[in-house]
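**Q** Okay, handing you the structure first.
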Amino acid sequence: MLKNEMFQYFLLDMRLLLLLTVPFLAIASETSVQECFDEAATKYIACKAVHGRPAVCDCTFRDPCYIKMIVSRLRVSGVEKFHYLINQTFQDPTIIVKQYGIVVIDVSNEMDEDTSIHFHGIRQRNVPWMDGVENVTQYPIQAHGDSAKLDGREGNTGEQLDNLLRQCSSKFVFADVARKLEKRG
Numbered sequence: 002m003l004k005n006e007m008f009q010y011f012l013l014d015m016r017l018l019l020l021l022t023v024p025f026l027a028i029a030s031e032t033s034v035q036e037c038f039d040e041a042a043t044k045y046i047a048c049k050a051v052h053g054r055p056a057v058c059d060c061t062f063r064d065p066c067y068i069k070m071i072v073s074r075l076r077v078s079g080v081e082k083f084h085y086l087i088n089q090t091f092q093d094p095t096i097i098v099k100q101y102g103i104v105v106i107d108v109s110n111e112m113d114e115d116t117s118i119h120f121h122g123i124r125q126r127n128v129p130w131m132d133g134v135e136n137v138t139q140y141p142i143q144a145h146g147d148s149a150k151l152d153g154r155e156g157n158t159g160e161q162l163d164n165l166l167r168q169c170s171s172k173f174v175f176a177d178v179a180r181k182l183e184k185r186g
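Below, the structure written as structure tokens:
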């Protein structure tokens, strides 16, 4: 009998919570639906180059944070292999995000072959269409200018910057380290 009474109180509390939150859910957003999907209206951050190191995309004070990445490839003279570039650089950018921050990455494929992209440190739970092997865990990003919007919420600290520092305790420490690296470069 006690469990049944507790369950009834729980249901009453949930209904009350729902009644209190509904008016806030009905508040109109200042951003129209068209603006949400209009790439020209999106305010992308600039990933800053650091001499001899990957570029730094500092999303510490932006939530959500929008990043534009253009994937291309370059044939080096005298070599049969290609070098793959992101935003015309050889090294992939380092993304700095505060814990639980939202990152939206628009990836544009400028190559003449399909591709896929994978990010370390961005949690992708129940998102089967992105961030993995093409035609296995995600649809490929088609060649010749097709794009994909990848989004996720940063969870565990230390994962985003595993190439710079391994498993540090705070995203804010990462931001300070990146700024110091920029000043040295």
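Start counting the sequence shown at 2; every next residue gets the next number (the working numbering). Beta carbons: idealized from backbone N, C-alpha and C, even for Gly.
Rounded to whole angstroms, what is the Cα-Cα separation between Gln143 and Ile46?
**A** Each residue's alpha carbon lies about 24 Å from the other.
**Q** What is the rounded straight-line gap between the Cα of Lys69 and the Cα of Arg76?
**A** 23 Å
**Q** Mind checking which residues open and close the beta strand (DSSP E) that includes Arg63?
**A** First-last for Arg63: undefined, no H or E at that position.
**Q** Residues in its own chain within less than 7 Å of His84 by CB, not counting five upstream and five downstream?
**A** Arg74, Leu75, Val77 and Phe91
**Q** At which residue ranges does the stretch 94 to 119 contain complete beta strand (DSSP E) runs of 3 or more residues, listed in the order of the chain?
**A** 95 to 97 and 103 to 110
**Q** How close, in whole Å, do the beta carbons of Val108 and Val72 come, if the pair is a contact with beta carbons under 8 Å?
**A** Going by Cβ atoms, the distance from Val108 to Val72 rounds to 6 Å, so yes, they are a contact pair.
**Q** Starting from Pro141, trace the beta strand (DSSP E) both ways and give me its first and last residue.
**A** Element bounds for Pro141: n/a, residue is neither H nor E.
**Q** Exposed or buried, which one is Pro65 when buried takes at least 16 other CB atoms within 10 Å?
**A** Its Cβ having fewer than 16 others within 10 Å, Pro65 is exposed.
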